[in-house]
Amino acid sequence: DVKVTQSSRYLVKRTGEKVFLECVQDMDHENMFWYRQDPGLGLRLIYFSYDVKMKEKGDIPEGYSVSREKKERFSLILESASTNQTSMYLCASNKGAAPTYNEQFFGPGTRLTVL
Amino acid sequence: GENVEQHPSTLSVQEGDSAVIKCTYSDSASNYFPWYKQELGKRPQLIIDIRSNVGEKKDQRIAVTLNKTAKHFSLHITETQPEDSAVYFCAVIQGAQKLVFGQGTRLTINP
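Quick note, the sequences are listed as chains A and B, same order.
Under our numbering, the first residue of the first sequence is numbered 268, with each subsequent residue one higher.
Under our numbering, the first residue of the second sequence is numbered 62, with each subsequent residue one higher.
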């Protein structure tokens with residue numbers, strides 16, 4: 268059974284703080300993703316990674332960075348948190364590469380509030 | 062890039078009736094179309110997907126239809142039950158591994 272875990276379910280930070288969100292998957296998946304979920308906007312891709320130390324920008328990368336030092340772990344970093352980054356953050360992972368597309372498995376989410 | 066529009070944003074149906082959610086996309090090269098269900102307070106989970114070489118796929122009470130010419134695909138849920146209440150997201154693959162999601166539909170099943 269695939270398991271994707273995230274370091275916190277709820278997080279409250281102050282404006283300007285550096286914030287780390289951690290995601291770990293235990294199924295040896297090559298690909299990992301970070302999304303933010305906002306009402307009415309669906310899930311928007313922030314960054315993804317298809318291999319260790321590799322990263323690709325998604326649709327809304329501004330204000331975020333990522334790190335993937337180990338295959339199982341993908342970190343999202345908010346260098347200087349702002350109130351407009353208050354959101355639900357979802358991590359996901361899946362196996363393999365093109366041409367076959369495999370199901371993405373999601374973590375439980377981290378609800379981040381920036382005050 | 063890919064643009065995915067999902068309608069309606071909210072849908073309320075009587076238990077036992079059918080529900081239909083529709084998504085349109087812009088990139089004619091897209092070839093993979095999954096649907097995810099997110100129950101309240103839980104993570105999104107894949108419920109059904111379709112690839113561009115077929116026009117319809119069924120799994121018990123849920124089905125997805127794809128019209129590649131018109132660039133739209135739909136989720137059909139028949140004989141709805143209270144446990145079908147959730148937010149449903151369509152998605153379209155862009156490039157090799159990136160999914161672009163629709164805005165979501167909140168489905169409520171009324172007893």
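C-beta atoms are modelled at their ideal positions from N, C-alpha and C, and glycine is treated no differently.
Given a threshold of 16 other Cβ atoms within 10 Å of its Cβ, counted over all protein chains shown, does Tyr97 of chain B qualify as buried or as exposed? The residue in question, Tyr97 of chain B, is buried, as its Cβ has 16 or more Cβ neighbours within 10 Å.
Chain B within 7 Å of Phe373 of chain A, Cβ atoms only: True, the Cβ-Cβ gap to chain B drops below 7 Å.
Along the chain, where does the beta strand (DSSP E) that runs through Thr126 of chain B open and close? First-last of the beta strand (DSSP E) with Thr126 of chain B: 123-128.
For Asn92 of chain B, tell me which candidate among B:Thr71, B:Ala157, B:Thr169, B:His68 has the shortest Cα-Cα distance. The shortest CA-to-CA distance from Asn92 of chain B to any of B:Thr71, B:Ala157, B:Thr169, B:His68 is the one to B:Ala157.
Neighbouring residues, chain B, relative to Tyr317 of chain A (Cβ below 7 Å): Result: Gln158.
Determine the burial state of Thr130 of chain B: buried for a count of at least 16 other Cβ atoms within 10 Å of its Cβ, exposed for fewer. It is exposed - the Cβ of Thr130 of chain B has fewer than 16 other Cβ atoms within 10 Å.
Validate contact between the stretch 133-148 of chain B and the stretch 284-296 of chain A using beta carbons, cut 8 Å, 3 pairs: Short answer: they don't touch.
Among the candidates A:Thr380, A:Glu370, A:Leu379, A:Thr377, whose CA atom is the shortest distance from the CA of Glu297 of chain A? Nearest to Glu297 of chain A by C-alpha distance, out of A:Thr380, A:Glu370, A:Leu379, A:Thr377, is A:Glu370.
Beta-carbon proximity list for Val286 of chain A, same chain, < 6 Å, skipping 5 on both sides: Result list for Val286 of chain A: Lys280, Leu345, Ala348, in chain order.
Would you say Gly165 of chain B lies against chain A (beta-carbon separation less than 7 Å)? So yes, Gly165 of chain B belongs to the interface.
Using 6 Å as the cut-off, classify the Cβ of Gln304 of chain A as near or not near the heavy atoms of the ligand FMN, replying yes or no. Within the structure as shown, the ligand FMN is missing, as the structure has no ligands at all.
Strictly below 9 Å CB to CB, what residues from chain A border Tyr86 of chain B? None at all; the shortest Cβ gap to chain A is about 13 Å.
Please state the DSSP three-state secondary structure of Asn351 of chain A. In this structure, Asn351 of chain A counts as helix in the three-state DSSP scheme.
So with CB distances below 7 Å, who are the chain B contacts of Leu308 of chain A? Gln164, listed in chain order.
As a quick exercise: from A:Glu323, A:Gly309, A:Gln304, pick the residue whose alpha carbon is nearest that of Phe341 of chain A. Its Cα nearest to that of Phe341 of chain A, the residue A:Glu323 stands out among A:Glu323, A:Gly309, A:Gln304.
Flag Glu370 of chain A as yes if its beta-carbon sits less than 7 Å from any beta-carbon of chain B, otherwise no. Chain B contact via Cβ: present.
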